[in-house]
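Each residue of the sequence shown is one higher than the one before, counting from 13 in the numbering used here. The C-beta atom is built at its ideal place from N, Cα and C for all residues, glycine as well. What follows is a short report on a single structure.
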Amino acid sequence: MNNFAARVTPVGCSSGPTPGAKALLAYLLDRFDYSRNGGIFNCRSVVGGTTFSEHAEGRAVDLMIPTTGQGRPRPELGDPVTQLLMPHGKRLGIQLMIYNLRAWSAKSPNGREYRGKHPHYDHVHLGMTPIAGSMLNYATIESVLGNGTPPPKLADPTHQVTTGLNLRTQPTTAAPSISLLPSGTEVAAVGTPPQTADEHEWLQIRAISGMREVEGWVASRYLVAIGGELTRPVELSREIKPATAGLAYRVEASDVLNMRASPALSGDVLTQLSSGSTVELLADVLAKSDGFHWVRVRVTTDAGVLDGWVARKFIVPIDASDEPVSESSTAGAVAELARATHRVTATSLYLRQEPTTSAAILAELPNGSAVMQVADVQKESDTYTWINVHAVAGPRIVEGWVAADFLAPAA
Numbered sequence: 013m014n015n016f017a018a019r020v021t022p023v024g025c026s027s028g029p030t031p032g033a034k035a036l037l038a039y040l041l042d043r044f045d046y047s048r049n050g051g052i053f054n055c056r057s058v059v060g061g062t063t064f065s066e067h068a069e070g071r072a073v074d075l076m077i078p079t080t081g082q083g084r085p086r087p088e089l090g091d092p093v094t095q096l097l098m099p100h101g102k103r104l105g106i107q108l109m110i111y112n113l114r115a116w117s118a119k120s121p122n123g124r125e126y127r128g129k130h131p132h133y134d135h136v137h138l139g140m141t142p143i144a145g146s147m148l149n150y151a152t153i154e155s156v157l158g159n160g161t162p163p164p165k166l167a168d169p170t171h172q173v174t175t176g177l178n179l180r181t182q183p184t185t186a187a188p189s190i191s192l193l194p195s196g197t198e199v200a201a202v203g204t205p206p207q208t209a210d211e212h213e214w215l216q217i218r219a220i221s222g223m224r225e226v227e228g229w230v231a232s233r234y235l236v237a238i239g240g241e242l243t244r245p246v247e248l249s250r251e252i253k254p255a256t257a258g259l260a261y262r263v264e265a266s267d268v269l270n271m272r273a274s275p276a277l278s279g280d281v282l283t284q285l286s287s288g289s290t291v292e293l294l295a296d297v298l299a300k301s302d303g304f305h306w307v308r309v310r311v312t313t314d315a316g317v318l319d320g321w322v323a324r325k326f327i328v329p330i331d332a333s334d335e336p337v338s339e340s341s342t343a344g345a346v347a348e349l350a351r352a353t354h355r356v357t358a359t360s361l362y363l364r365q366e367p368t369t370s371a372a373i374l375a376e377l378p379n380g381s382a383v384m385q386v387a388d389v390q391k392e393s394d395t396y397t398w399i400n401v402h403a404v405a406g407p408r409i410v411e412g413w414v415a416a417d418f419l420a421p422a423a
């Protein structure tokens, strides 16, 4: 179901904020007492582009959301806003919603990766249609969204989500997404036997999305059982580079390393791994708990294959590329890119194996990185224009594909 209004492109600057935008902002400030006014009217183009923003016509709301001390997003505060609005975007005339590197619209009602200049960690952007900007009022918004009634409580939860997770209609990655469940969401297993597909074990669950209970399938590796002391959402970060997921790691512990069912010292011990054992890293996120960074791994034992959590500090990559990198070797690779054709303009940019956002990530290129276009060939995919490039990754030059939207010609 498409829950967002069709996009109406701004054409210039108006005289100020529209009544509808002011009403929507007022309602959200009343509903979410931790939020702040980030503004409505701003006669400017989209950051990094030449087209006008909805702010230029006074029909966009920026609702400021608190971040961590390091400027990272706090989805436990921002996600309730997006979850509340998602089912009602079309009725409220919302044509675009952006938060925490994700964007929703009529073309992407279930959300897509957002790679704009601003990651929107600190605010929810809500772009409205001209009609909504002119006609929407507080009473109408309240009749659609309610007057602050809390969402229903899930009965008998059994697991918590460890990272943003798609709830799907069927147990396969090809199935449509019903909802994106934020980290820390409590879910309840339905009792249906798990299904295996697309290298995942799928579990059928119930969860609260917005103001309703929904049912669907999730990849079970991104769930932890509720129990012991794990009563709060674990804090997650992208401190492991995405390219490392799927690699083999070696245990380096003075004695043995406990592999646990959840990322906490209170988690049940599934098995004990001796120093030198090999494990496979399953995901590119860390859970922070009890003074440790935890990663989800897979190991083969006499009893079969086990998935669980271990403390990151006690495993090291089994990969020649993980050897210490000397300054001279890195400098040599950079020197080979003396004929760089472009530089990265985004905060960071993924170098991918193929020209699509679903392709494997080979490296993450920081802002200002030099790349050299391999051939004068462009491919269109996932709303981006892709080019084939060489880039420096550690001491090596790697070939892959990047979205040209986030490159500028090298000086």
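Where the alpha helix (DSSP H) containing residue i begins and where it ends
i: R103; result: 101–104
i: K34; result: 31–43
i: S360; result: That residue, S360, is in no alpha helix (DSSP H); its beta strand (DSSP E) goes 360–364.
Identity of the residues DSSP links to residue i by a beta bridge
i: H137; result: D74, I110
i: L179; result: S191
i: T197; result: Per DSSP, none; premise fails for T197.
i: R310; result: E292, D319
i: E88; result: Answer is none; E88 lacks a bridge partner.
i: L374; result: DSSP, once it has assigned bridges, lists no residue as partnering L374.
Residue i, DSSP secondary structure in three states
i: V93; result: helix
i: A186; result: coil
i: Y261; result: strand
i: T369; result: coil
i: H132; result: coil
i: E69; result: helix
i: I143; result: helix
i: D267; result: coil
i: K325; result: helix
i: F418; result: helix
i: I399; result: strand
i: S381; result: coil
i: V202; result: coil
i: E411; result: strand
i: T208; result: strand
i: R48; result: strand
Among the options, the one whose alpha carbon lies nearest that of residue i
i: F418; options: T357, G380, M98, E376; result: T357
i: A375; options: T290, L177, Y362, V263; result: Y362
i: Q12; options: K119, T312, D319; result: For residue 12 there is no data in the structure shown, the boundaries of the chain being 13 and 423.
i: V328; options: M271, V383, R262; result: R262
i: H354; options: R310, R84, A403; result: A403
i: I52; options: A276, T63, A371, E69; result: E69
i: G139; options: L36, Y150, Y46, V322; result: L36
i: S26; options: A231, R43, D388, R56; result: R56
i: G105; options: V20, D168, G288; result: V20
i: G316; options: E154, T283, I399, V307; result: T283
i: L318; options: S301, L294, E154; result: L294
i: G158; options: E211, A167, D168, H100; result: H100
Alpha-carbon spacing of residue i relative to residue j, whole angstroms
i: I77; j: S117; result: 20 Å
i: T395; j: L148; result: 31 Å
i: T290; j: L177; result: 27 Å
i: A207; j: L215; result: The amino acid occupying residue 207 in the given sequence is Gln; Ala does not appear at that position. Rounded to whole angstroms, Q207 to L215 spans 7 Å at the Cα level.
i: V309; j: P131; result: 29 Å
i: L41; j: W229; result: 34 Å
i: A276; j: T79; result: 24 Å
i: S393; j: P121; result: 18 Å
i: G429; j: E66; result: As shown, the chain starts at 13 and ends at 423. That puts residue 429 outside it, with no answer to give.
i: K368; j: D267; result: Reading off the sequence shown, one finds Thr at residue 368, where the question assumed Lys. If you take the alpha carbons of T368 and D267, they lie about 44 Å apart.
i: V202; j: R218; result: 7 Å
i: E264; j: G303; result: 18 Å
i: T63; j: S274; result: 47 Å
i: E411; j: I373; result: 11 Å
i: I110; j: G81; result: 22 Å
i: P85; j: N112; result: 7 Å
i: I424; j: V281; result: In the structure as shown, the chain begins at 13 and stops at 423. Residue 424 is therefore absent and cannot be evaluated.
i: Q172; j: A415; result: 34 Å
i: S341; j: K129; result: Interpretation of S341 is limited by its pLDDT of 41, a score under 50 that renders its predicted location unreliable; no figure is taken from the coordinates.
i: G145; j: A323; result: 51 Å
i: R127; j: H135; result: 15 Å
i: T185; j: Y234; result: 14 Å
i: N379; j: T94; result: 29 Å
i: E348; j: S287; result: With a pLDDT of only 47 at E348, under the threshold of 50, the placement of this residue in the model should not be trusted; the figure read from the coordinates follows. If you take the alpha carbons of E348 and S287, they lie about 40 Å apart.
First and last residue of the uninterrupted beta strand (DSSP E) at residue i
i: I220; result: 212–221
i: L277; result: Premise fails: L277 is in no beta strand (DSSP E) and is neither H nor E.
i: L285; result: 281–286
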